[in-house]
């Protein structure tokens with residue numbers, strides 16, 4: 108029996124690594140899902156058939172409930188995928204925290220089969236702290252992304268906030284050290300419950316000062332935490348399979364966090380303790396330039412005459428549900444021999460890679476999706492840059508204006524295109540609350556209105572025969 | 060003490076493999092990558108199964124069952140939504 112367990116763990120580990128390996132190309136990526144499912148099934152069955160498992164009804168019930176909740180969660184609209192992801196980090200953290208609690212009480216009551224070495228006790232503390240802070244932190248992030256009313260979108264800050272936050276975490280870690288040093292003490296049980304409570308509070312406090320614009324980074328960091336809590340659980344349960352799977356998840360979260368931070372020119376500490384996205388303290392402006400507005404007919408004419416067009420989509424496009432209209436415009440232009448590419452900023456959307464998924468849903472071929480670093484050298488030769496609901500990622504102020512919170516952030520060089528057409532719903536600032544000077548540039552023409560309505564009108568211009 | 064060493068050893072090696080493999084993941088697929096790794100790390104379900112299914116006191120088994128439910132939700136929704144998203148990526 109033990110042999111089956113060991114072998115299945117090795118098999119599952121190999122399958123999980125292959126699953127991630129196949130994600131290097133969209134052509135093979137779906138094999139990865141199958142490998143993951145097979146690996147998971149093997150590991151679950153091998154665990155379930157162990158002789159010590161006797162309460163099968165409980166397991167079946169919990170698994171059934173997991174399906175009842177999991178299936179609808181997998182069918183959310185793609186704009187809601189960031190919330191779902193945050194929610195799943197929360198579930199991952201919750202599972203780790205609860206199993207950690209259970210293991211501790213089992214050991215306390217003397218019915219645990221594993222010996223509690225100081226190493227394992229430390230891992231147990233880490234598992235509970237990481238698990239529970241990921242749980243509440245991710246719930247908060249999910250709430251902010253879902254725009255739940257009673258969770259403020261804008262960062263909430265107060266004097267001494269970082270001191271309070273770090274203090275709470277330090278007390279939790281300190282209690283953890285005390286329990287590791289005196290595991291047999293009468294107060295160890297209470298201390299352990301206090302650690303769990305402090306971790307739950309810390310998770311909330313950690314996310315409260317973080318604004319919407321930082322969500323792609325925050326989701327990635329929480330992903331890393333969720334992975335690390337699984338690693339800690341693997342240490343406690345002496346399971347190499349868990350340690351490996353957790354490490355894969357953790358390293359993925361780490362890499363994505365680094366990519367997101369780089370894409371915003373920020374550091375981890377800055378994201379977690381910097382309270383980005385506050386309303387800008389009265390931007391200093393030398394001259395107030397005026398918008399230049401363009402009609403839909405005029406814009407269609409410009410697009411028709413262009414040789415190459417780069418579309419720069421932002422989350423606003425997805426909010427307006429305009430992806431399918433974008434596809435129609437893409438078709439109309441491609442049919443007329445115009446080369447159309449999509450410039451994707453790493454933080455476009457609300458989580459890593461979000462924009463690619465939103466465009467793929469609208470059947471836009473992924474060969475037309477180009478990363479920022481690859482498209483920027485082409486921008487000066489681009490006839491038209493069509494900005495669709497993107498804002499901060501095309502703001503030229505990021506290059507030189509030290510007064511703006513996005514200073515230093517790499518941007519898509521939309522302003523270098525020969526002509527810029529920007530579709531914008533209103534004249535309000537974007538998600539991060541910053542004015543955008545691209546919109547008042549000399550070569551920029553604005554199209555005000557809902558992205559979907561504007562695009563529909565544009566497509567109609569091409570379809571009506573007015574333009575050939 | 061051997062468990063201590065060998066577990067850390069596995070952790071370090073797995074992290075290096077993870078960094079190596081993830082670095083090569085297509086930049087188009089970061090969103091499905093996150094839901095896939097999330098489903099995979101729900102392998103924590105094996106810990107929950109033992110806590111829930113073995114002959115433990117009731118409170119322990121309740122903790123285990125909630126954890127099992129949470130992990131299972133991640134497995135089901137994680138794999139399903141990953142596949143749903145990947146199906147949408149077409150070359151032409």
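Chains as they are written, first to last, in the working numbering: chain A, 108 to 575; chain B, 60 to 151.
Each residue gets a CB set at the ideal place from its N, CA and C atoms; glycine is no exception.
Checklist entry - Alpha carbon to alpha carbon, what distance is there between residue 563 (chain A) and residue 411 (chain A)? => result Here residue 411 (chain A) refers to the residue found at position 304 of the first chain. Here residue 563 (chain A) refers to the residue found at position 456 of the first chain. Answer to the nearest angstrom: the Cα atoms are 16 Å apart.
Item to check | Start and end residues, beta strand (DSSP E) containing residue 288 (chain A) | outcome: One-based indexing of the first chain puts residue 288 (chain A) at position 181. Element bounds for residue 288 (chain A): not the beta strand (DSSP E) but the alpha helix (DSSP H), 268–288.
Checklist entry - What do you get for residue 568 (chain A), buried or exposed, if any count of 16 or more other CB atoms within 10 angstroms of its CB means buried? => result Your numbering for residue 568 (chain A) matches position 461 in the first chain. That one is buried.
Checklist entry - Using a beta-carbon distance below 8 Å, is residue 434 (chain A) in contact with chain B? => result Residue numbering aside, residue 434 (chain A) sits at position 327 when the first chain is read from its first letter. Not one chain B Cβ lies under 8 Å of residue 434 (chain A).
Next on the checklist: For the stretch 130–152 of chain A, list every residue whose C-beta sits within 9 Å of some C-beta in chain B, in sequence order.
Outcome noted: 130, 131, 132, 133, 134, 136, 137, 139, 140, 141, 143, 144, 146, 147, 150, 151
Next on the checklist: I need the boundaries of the alpha helix (DSSP H) containing residue 156 (chain A), first residue and last residue.
Outcome noted: Start at 1 with the first residue of the first chain, and residue 156 (chain A) comes out as number 49. Neither: residue 156 (chain A) is in no alpha helix (DSSP H) and is coded neither H nor E.
Item to check | Segment contact, 8 Å Cβ cut-off, at least three pairs: the stretch 482–489 of chain A with the stretch 517–537 of chain A | outcome: yes
Checklist entry - Is there at least one Cβ from chain B nearer than 8 Å to residue 507 (chain A)'s Cβ? => result Counted from its first residue, the first chain places residue 507 (chain A) at position 400. Taking Cβ atoms only, chain B never reaches closer than 8 Å to residue 507 (chain A), which makes this a no.
Next on the checklist: So residue 174 (chain A) contacts chain B; which residues on that side make the cut at Cβ distance below 9 Å?
Outcome noted: As a position in the first chain, residue 174 (chain A) is number 67, starting the count at 1. Simply 131, 132, 135.
Checklist entry - Assuming residue 546 (chain A) contacts residue 531 (chain A) under a Cβ cut-off of 8 Å, what Cβ separation, rounded to an integer in Å, is found between them? => result As a first step, residue 546 (chain A) must be located in the first chain, where it is residue number 439. As a first step, residue 531 (chain A) must be located in the first chain, where it is residue number 424. So it is a contact: roughly 7 Å between Cβ atoms.
Checklist entry - Among A:436, A:438, A:399, which residue has its Cα nearest to the Cα of residue 554 (chain A)? => result As a working mapping, residue 554 (chain A) is identified with position 447 in the first chain. Closest by alpha carbon: A:399.
Checklist entry - Around the Cβ of residue 373 (chain A), are there at least 16 other Cβ atoms within 10 angstroms (buried) or fewer (exposed)? => result What you label residue 373 (chain A) is simply residue 266 of the first chain in a count that begins at 1. That one is buried.
Checklist entry - Going along chain B in order, which residues have a C-beta closer than 7 Å to the C-beta of residue 165 (chain A)? => result As a working mapping, residue 165 (chain A) is identified with position 58 in the first chain. Simply 111, 112, 120, 124.
Checklist entry - Based on Cα-Cα distance, which residue from A:556, A:557, A:561, A:497 lies nearest to residue 544 (chain A)? => result In the first chain, counting from the first residue as 1, residue 544 (chain A) sits at position 437. Checking every option, the nearest Cα to that of residue 544 (chain A) belongs to A:497.
Checklist entry - With burial defined as no fewer than 16 other Cβ atoms inside 10 Å of the residue's Cβ, what is the status of residue 126 (chain B): buried or exposed? => result Counting from one through the second chain, the residue named residue 126 (chain B) turns up at place 67. Residue 126 (chain B) comes out buried.
Item to check | Length at least 4, wholly inside the stretch 214–266 of chain A: the alpha helix (DSSP H) runs in chain order | outcome: 225–253
Next on the checklist: Can you give me the C-alpha to C-alpha distance between residue 426 (chain A) and residue 283 (chain A), rounded to a whole angstrom?
Outcome noted: In the first chain, the residue the question calls residue 426 (chain A) occupies position 319. In the first chain, the residue the question calls residue 283 (chain A) occupies position 176. Approximately 44 Å, taken between the alpha carbons.
Checklist entry - Cβ of residue 196 (chain A) less than 8 Å from any chain B Cβ? => result Residue 196 (chain A) sits at position 89 when you count from the first residue of the first chain. Taking Cβ atoms only, chain B reaches closer than 8 Å to residue 196 (chain A), which makes this a yes.
Next on the checklist: To the nearest angstrom, how far is the alpha carbon of residue 344 (chain A) from that of residue 74 (chain B)?
Outcome noted: Residue mapping note: residue 344 (chain A) aligns to position 237 of the first chain, counting from 1. Residue mapping note: residue 74 (chain B) aligns to position 15 of the second chain, counting from 1. Roughly 19 Å between the two C-alpha positions.
Checklist entry - What's the gap between the Cα of residue 582 (chain A) and the Cα of residue 230 (chain A)? => result Chain A is shown only over 108 to 575; residue 582 (chain A) falls outside these bounds and no answer can be derived.
Checklist entry - With a cut-off of 8 Å, does the C-beta of residue 117 (chain B) fall near any C-beta of chain A? => result Looking up residue 117 (chain B) in the second chain gives position 58. Cβ-Cβ to chain A under 8 Å: no for residue 117 (chain B).
Item to check | Proximal residues, the stretch 331–352 of chain A versus chain B, C-beta separation under 9 Å | outcome: 333, 334, 336, 337, 338, 340, 341, 342, 343, 344, 345, 346, 347, 348, 349, 350, 351, 352
Checklist entry - Mapping DSSP to helix, strand and coil, what is residue 83 (chain A)? => result Outside the shown range of chain A, which is 108 to 575, sits residue 83 (chain A), and nothing can be said about it.
Next on the checklist: Starting from residue 493 (chain A), trace the beta strand (DSSP E) in both directions and tell me its first and last residue.
Outcome noted: Mapped onto the first chain, residue 493 (chain A) falls at position 386. Start and end: 491–495.
Checklist entry - Hey, how far is the Cα of residue 120 (chain B) from the Cα of residue 370 (chain A)? => result Start at 1 with the first residue of the second chain, and residue 120 (chain B) comes out as number 61. Start at 1 with the first residue of the first chain, and residue 370 (chain A) comes out as number 263. One C-alpha to the other measures close to 45 Å.
Item to check | Where residue 516 (chain A) falls: helix, strand or coil (DSSP) | outcome: Along the first chain, read from residue 1 onward, the residue named residue 516 (chain A) stands at position 409. Residue state, collapsed to three classes: coil.
Next on the checklist: Within 8 Å of any Cβ in chain B, is that where the Cβ of residue 224 (chain A) sits?
Outcome noted: For this step, residue 224 (chain A) is matched to residue 117 along the first chain. Yes, contact with chain B.
Item to check | chain B residues whose Cβ lies nearer than 8 Å to that of residue 155 (chain A) | outcome: Residue 155 (chain A) sits at position 48 when you count from the first residue of the first chain. Going along chain B in sequence order, the residues near residue 155 (chain A) (Cβ under 8 Å) are 108, 112.
Checklist entry - How about residue 152 (chain B) and residue 340 (chain A): do their beta carbons lie closer than 8 Å? => result With chain B running from 60 to 151 in the structure shown, residue 152 (chain B) is simply not present.
Checklist entry - Roughly how many angstroms separate the alpha carbons of residue 187 (chain A) and residue 94 (chain B), rounded to a whole number? => result Within the first chain, residue 187 (chain A) is the residue found at index 80, counting from 1. Within the second chain, residue 94 (chain B) is the residue found at index 35, counting from 1. Their Cα atoms are separated by approximately 13 Å.
Checklist entry - Curious, which full-length alpha helix (DSSP H) runs of at least 4 residues does the stretch 420–452 of chain A contain? => result 422–426, 430–442
Next on the checklist: Can you confirm whether residue 569 (chain A), when its beta carbon is compared against all beta carbons of chain B, has any partner nearer than 8 Å?
Outcome noted: As a working note, residue 569 (chain A) is residue 462 in the first chain. Answer no: the Cβ-Cβ gap between residue 569 (chain A) and chain B never drops below 8 Å.
Item to check | Euclidean distance between Cα positions of residue 392 (chain A) and residue 510 (chain A) | outcome: What you label residue 392 (chain A) is simply residue 285 of the first chain in a count that begins at 1. What you label residue 510 (chain A) is simply residue 403 of the first chain in a count that begins at 1. The predicted model places residue 392 (chain A) with a pLDDT of 48, which falls under 50 and marks its position as unreliable; any figure quoted below should be read in that light. The alpha-carbon atoms of residue 392 (chain A) and residue 510 (chain A) are separated by roughly 11 Å.
Checklist entry - Relative to the alpha-carbon of residue 249 (chain A), which residue among A:209, A:190, A:492, A:203 has its alpha-carbon at the smallest distance? => result The residue you call residue 249 (chain A) lines up with position 142 of the first chain. Nearest C-alpha to residue 249 (chain A): A:190.
Next on the checklist: Three or more C-beta pairs under 8 Å: does that hold for the stretch 320–329 of chain A against the stretch 448–466 of chain A?
Outcome noted: yes
Next on the checklist: Please tell me whether residue 577 (chain A) and residue 146 (chain A) are closer than 8 Å, where the distance is taken between their beta carbons.
Outcome noted: Coverage of chain A is limited to positions 108 through 575, which leaves residue 577 (chain A) absent and any answer about it impossible.
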